[in-house]
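Report on the following structure.
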Amino acid sequence: MIALMLSPIAVTCGGQPKKLKKFRKRLAKERRDDLQRMADKIKDIAEDEKRRSKELLREHREYFETPRQKKTKETSIDFFEK
Numbered sequence: 000m001i002a003l004m005l006s007p008i009a010v011t012c013g014g015q016p017k018k019l020k021k022f023r024k025r026l027a028k029e030r031r032d033d034l035q036r037m038a039d040k041i042k043d044i045a046e047d048e049k050r051r052s053k054e055l056l057r058e059h060r061e062y063f064e065t066p067r068q069k070k071t072k073e074t075s076i077d078f079f080e081k
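Written out as structure tokens, the structure is:
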């Protein structure tokens, strides 16, 4: 069953090679244009994801970076009463 699905199927059209040639060229051009549009959309999506991940990383860093607080005066604990 799989072999039938994967094997190439040859279709012959007799008598009109010029029309067939024009059809193949037109179909190839249409598919090429469709593939180019798909490639452009995928590139746009990839750029958006890069931008979004950079923004997310920046927000992550801002959230987890703790601002350096001023050190308060440390007082020692005296365990012995005077």
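Numbering (numbering that gives the first Met the number 0), first residue to last: 0 to 81. Think of the CB as a built atom: it goes at the ideal place given N, C-alpha and C, for glycine as much as any other residue.
Simplified DSSP assignment, three categories, for residue i
i   : result
D77 : coil
K28 : helix
K72 : coil
Q15 : coil
E64 : coil
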